[in-house]
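**Q**
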Amino acid sequence: MATFAKPENALKRAEELIHVGQKQAALQALHDLITSKRYRSWQKPLERIMMKYVELCVDLRKGRFAKDGLIQYRIVCQQVNVSSLEEVIKHFMQLSNEKAEQARNQAQALEDALDVEDLEADKRPEDLMLSYVSGEKGKDRSDREHVTPWFKFLWETYRTVLEILRNNSKLEALYAMTAHKAFQFCKQYKRTTEFRRLCEIIRNHLANLNKYRDQRDRPDLTAPESLQLYLDTRVEQLKIATELSLWQEAFRSVEDIHGLMSMVKKTPKPSVLVVYYAKLTEIFWISDCHLYHAYAWLKLFYLQKSYNKNLSQKDLQLIASSVLLAALAVSPYDHKYGASHLELENEKDRNLRIANLVNFSLDSKRENREVPSRASLFSELAAKGVISCASQDVKDLYNLLEHDFLPLDLVSKAQPLLSKISKIGGKLSSAPSVPEVFLSQYLPALEKLTTLRVLQQASQIFQSVKIDMLSRMIPFFDFSVVEKISVDAVKHNFVAMKVNHLSGAVHFGKMDIESDCLSNHLSVLADSLNKARSLIHPVKEPSKLGENLTSLAAVVENEHKRLLARKSIIEKRKEDLERQILEKEKEEEKKRLSVLKKSAEDERIRLLNDVKLREQERIRRQMVEKEKIEAEELLQKQIKEIAKRGGKKPVLQGEVTKEAVMELAMNEQFKERQEMEKKLLKTAKQMDYLERAKRQEEAPLIEQAFQKRLEVEKILHEQEQLREIELSKQHHAGDLQEKNRLSRMLEHKNIFQERIVQCREAEYSRLKKERDERTSQLISSRKRERDTVRKLMYYLNLEEQRLQRLREEEEARKQEERRKREETERKAKLDAIAAKQLQRERELEEKKEKQRMEAMLGRGAGAAEAARAPDAAPVAQPAQPVAAPAAAAAAPAPGNLNEVVMVAVVLAARDLVCHLSKTVGVHVMIAHVLICVRSAKRHPLLAKMLSRPARMVLQAHGDLQDTQVHHLPQPGAADAPPCIIPRPYRF
């Protein structure tokens, strides 16, 4: 990333790179400068840099670079010079439009070039495959590749600008202008997908504006200018949606307009409402909502009659006729009959929503709204005088279809009126906002209404009608269409009828007794019959006295029973009253206690709230005092700065607050900036005047010098042309002479050429034959080599497989022998271990036997000495028991001669080990020791006499491996020498 001391240097560097054809490097250099943190304050050169930057972005179609640069530039000049950002964005959109128009002019088949479904989508896989496989290089493909990218870039430009300008109060006009241009782009090139996306973008911008209300520079929708800009944008969106036949998007645009006005709680201007209701009529007619279509026409009629002072009587009559015919086109029966509860609820919500749009009510409360109907519509038309304003033919048709009862002559009287009405229509001269009115569009609906009226009136006077007669009564449609209409009417309980195709008749069913059609006829018939009966058989009045006497006893009995029942009822009521009084007293006591408890709790909460309020008031006073002190300090600092600059001392009106001081500082800065701008403007004007005067003086001198230079160059051009003509004549003459000189050798040249060609052809044939022979020999030799190598590889593979098989068999045999040998060794070891175990057990038994014998011998000798000692020396008696065991141990028994010999052998072996360890090697010493003490190992009692080195050697070589030294105390001895006892095996 290159760094520049001044922004002008970056601009010069970019221009140098552009001159050498490196536009991408120039764009990157300017992008690094714009996004750098060093240049975050606005300067005049930055505007020129941005102009060059957007030009490079347009040339290279770098929409992402343009968006990044404009966002950074908006941050720089948001609070200083917003007009600069506006100029840059206008320049950016102008360049994009020019490039797109230029590409469009270059393409000769625009429809083919713009046959792309979505400008934001990438190339489809089938298009890429077709471009590589088919090899088509026609004009259509070149147009698509040349024009579509520029239109994609133009669409991306509109999106980028709208994203940058959204929710900015200082750039509302530019935002609205960009939205209008984007709408015109979608309209001009029939871009329905982009139009839907554009409407969604604008809708999201408004939603974010309401969601984030604390944004800086947020537009104020309550301001008339801002509201009008936003409203004009939505109205233009509605117009374009209807022109593109995007009726769903048009309805959403209507909801946007209504939501915008509901948000600010203001009613739009009449001119806006005229467009609003005019488009609603089209939307509701397309969506078959004939009732709301009629209501929209009625609202349009009111607006034109109330606010259009130039409205002529003819135009008013045409609008009123449209309103009345739209009302007649509404279906005469209710579609709610037979629907489920859920469907009725959904339909009710939908009707309320649409009625709110039509009435343009800003009241969102449901109870204040009324769902419109066909009956209420006609009553309103009659009350407002709309019917009287309509043409005479329309009024006659209305009376015929709604009030007259002529089932046989209804169609014959309605047909001439319908034919006259279908010819009425045209453009309203005094109401340009209203679309063209053609009453012929209501003709199908009126014919259907006439058919329904004929069926309804015929069902009241006929029980059955022939199908042929009914077809003659309704000449508008075939009987199949009439049958469909009647099925729908029967479904919604408008008429009761059945069609019998076998008998060729239509049977009208019985009407309900409670229906309005029969109630009047039945009541009249009943009155007439009562009068006739009273005239034929007058009623005689009976004697009152005789009747009373006959029924007197029954009356007394009944009265007695009634009095008894009344008495029981009164007693029961008394008991109930007493019980209610007790319950009421209990309830009142509970309420009194609860009220006391609640009042105590409220008093406690009130005291707590008072404490909190006092604490909050104290904190607020402290904060106010602190802010006041800070404001005084800021004011003094601001006064000092203004005094340094030589300005007037500012005066604050009212209380000194921090906000007021900040506002004063901002005003001072703004004044300084305005003064600086005025100075710069004055300097620029002065330089402009000087430059203009200089150029006015230079213009005639430059023209005079140019004319002189032109004459001189003309003379030089004529002289140069004459010189070139002379040289051309000389060259032509020399070429002719050379041709005449070489023409006599032409025949010899041809003969020589033929001879050379023949020799080369013969040489070529010979070389070709030799090459073919060598090639055939080489092919045969290589074939033989391949066969030889193939056979050799086959034999080598066989031999390798045989050797591998032999190795595997040998390995298996060795493993089996190794397993058998290991098994034999394991068995031998187990046998040796068992033998050693038996030997050890035998030695243990011998040891135990010898110890028992020694103990017995020792006790016998001690008893004999004790028997002899009292007579000879009575004084030494206490010492004899101590010396007796030692003597018994030193003097062996007569039967233990072998033990004495073994003791001597062990002593000799111990001395020999001590000697050999000093004189001979370790191996010789081990051999002598093993020979000398083999018998000592077998006797456990003598093993204790071996020296410690000998025992260590024997244990190391396995001779004393199975023995362990334990200190066993002997009876009568304080420190007994250690003895070796065998250690059992552990398997």
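Residue numbers (our numbering): 958 to 1944. Glycine included, every Cβ here is placed at the ideal spot set by N, Cα and C.
Inspect the beta-carbon positions of Val-1211 and Ser-1390 and report whether they are closer than 8 Å.
**A** Their beta carbons are not under 8 Å apart, which means Val-1211 does not touch Ser-1390 by this criterion.
**Q** Output the boundary residues of the alpha helix (DSSP H) element that contains Ala-1347.
**A** Unbroken run through Ala-1347: none, as it is neither H nor E.
**Q** Which two residues bound the contiguous beta strand (DSSP E) that contains Phe-1241?
**A** Run containing Phe-1241: none in the beta strand (DSSP E); it sits in the alpha helix (DSSP H), 1227–1243.
**Q** Classify Val-1037 as helix, strand or coil using the three-state DSSP reduction.
**A** It is coil, neither helix nor strand.
**Q** When we look at the beta-carbon of Ser-1278 and count the other beta-carbons within 10 Å, is it buried (16 or more) or exposed?
**A** Buried.
**Q** How big is the Cα-Cα spacing for Ala-1522 and Val-1512?
**A** Using only the alpha carbons, I get a separation of about 15 Å.
**Q** Expressed to the nearest angstrom, what Euclidean distance is found between the alpha-carbon atoms of Arg-1410 and Asp-1445?
**A** So the alpha carbons of these two residues sit roughly 14 Å apart.
**Q** Please go through the same chain and pick out, in chain order, the residues whose beta-carbon is closer than 8 Å to the beta-carbon of Ser-1491, but skip the five residues on each side of it.
**A** There are no such residues.
**Q** In angstroms with no decimal places, state the Cα-to-Cα distance between Glu-1404 and Pro-1289.
**A** So the alpha carbons of these two residues sit roughly 13 Å apart.
**Q** Between the beta-carbon of Gln-1194 and the beta-carbon of Cys-1156, is there less than 8 Å?
**A** Yes, Cβ-Cβ distance for Gln-1194 and Cys-1156 is below 8 Å.
**Q** Using 10 angstroms around the beta-carbon of Gly-1020, count the other beta-carbons present and answer buried if the total reaches 16, otherwise exposed.
**A** Gly-1020 comes out buried.
**Q** Can you tell me whether DSSP reads Ala-1830 as helix, strand or coil?
**A** A caution first: Ala-1830 carries a pLDDT of 37, below 50, which makes its placement in the model too unreliable to give a value.
**Q** Taking DSSP's pairing of strands, which residues face Lys-1455 in a bridge?
**A** Note: Lys-1455 sits in a beta bridge opposite His-1464.
**Q** Could you say if the stretch 1372–1383 and the stretch 1409–1426 meet the contact criterion of at least three C-beta pairs nearer than 8 Å?
**A** Judged by Cβ distances under 8 Å, the stretch 1372–1383 makes no contact with the stretch 1409–1426, as fewer than three pairs qualify.
**Q** How many Å lie between Arg-1148 and Glu-1648 at the Cα?
**A** The alpha-carbon atoms of Arg-1148 and Glu-1648 are separated by roughly 49 Å.
**Q** Taking just the CA atoms, how far does Phe-1335 sit from Ser-1369?
**A** Straight-line Cα distance between these residues: approximately 25 Å.
**Q** Over the uninterrupted alpha helix (DSSP H) stretch that includes Lys-1144, give me the two end residues.
**A** Note, Lys-1144: alpha helix (DSSP H), 1129–1145.
**Q** Using the three-state DSSP reduction, which class does Gly-1020 fall into: helix, strand or coil?
**A** Helix.
**Q** Per DSSP, what kind of secondary structure is Lys-1222 in: helix, strand or coil?
**A** If DSSP states are grouped into helix, strand and coil, Lys-1222 belongs with coil.
**Q** Could you pull the start and end residues of the beta strand (DSSP E) that Lys-1423 belongs to?
**A** Segment 1421–1423, the beta strand (DSSP E) holding Lys-1423.
**Q** Could you tell me which residues DSSP pairs with Gly-1383 in its beta bridges?
**A** Note: Gly-1383 sits in a beta bridge opposite Val-1394.
**Q** Is the separation between the beta-carbon of Leu-1201 and that of Lys-1144 shorter than 8 Å?
**A** The answer is yes: Cβ separation under 8 Å.
**Q** Where does the unbroken alpha helix (DSSP H) through Ser-1333 begin, and where does it stop?
**A** First-last of the alpha helix (DSSP H) with Ser-1333: 1331–1341.
**Q** Helix, strand or coil for Phe-1436? Go by DSSP, reduced to three states.
**A** Residue state, collapsed to three classes: helix.
**Q** Considering only the alpha carbon of each residue, which of Thr-992, Arg-1018, Leu-1017 lies closest to Ile-1006?
**A** When each option's Cα is compared against that of Ile-1006, the closest is Thr-992.
**Q** Can you tell me whether Pro-1838 is buried or exposed? The criterion is at least 16 other CB atoms within 10 Å of its CB, across all chains shown.
**A** With a pLDDT of 36 at Pro-1838, under the threshold of 50, the modelled position of this residue cannot be trusted; read the value that follows with caution. Under this definition Pro-1838 is an exposed residue.
**Q** Measuring alpha carbon to alpha carbon, tell me which of Pro-1227, Leu-1237, Lys-1236, Leu-1338 ends up nearest Val-1280.
**A** Looking at the Cα atoms, Leu-1338 is the closest of the given residues.
**Q** In whole angstroms, what is the alpha-carbon distance linking Leu-1550 and Lys-1543?
**A** So the alpha carbons of these two residues sit roughly 11 Å apart.
**Q** In the DSSP assignment, the alpha helix (DSSP H) including Ala-967 goes from what residue to what residue?
**A** Element bounds for Ala-967: 964–976.
**Q** Along the chain, where does the alpha helix (DSSP H) containing Pro-1176 start, and where does it finish?
**A** Run containing Pro-1176: none; DSSP gives neither H nor E here.
**Q** Using a Cβ-Cβ cut-off of 8 Å (strictly less than) and excluding sequence neighbours within five positions of Leu-968, which residues of its own chain qualify?
**A** Once the five neighbours on either side are set aside, the close Cβ partners of Leu-968 are Leu-987, Pro-1002, Arg-1005, Ile-1006, Lys-1009.
**Q** For His-976, which option in Leu-990, Asn-1624, Pro-1181, Leu-1013 has the closest C-alpha, if you only look at C-alpha atoms?
**A** Ranking the options by Cα distance to His-976, first place goes to Leu-1013.
**Q** Are there three or more Cβ pairs, one per stretch, closer than 8 Å when the stretch 1359–1375 is compared with the stretch 1241–1256?
**A** Contact between the stretch 1359–1375 and the stretch 1241–1256 is absent, because fewer than three Cβ pairs lie under 8 Å.
**Q** Run through DSSP, which three-state label would Ile-1418 get?
**A** It is helical.
**Q** Count the CB pairs spanning the stretch 1424–1431 and the stretch 1307–1315 that are closer than 8 Å, and state whether there are at least three.
**A** No: the two stretches stay apart, fewer than three of their Cβ pairs being nearer than 8 Å.
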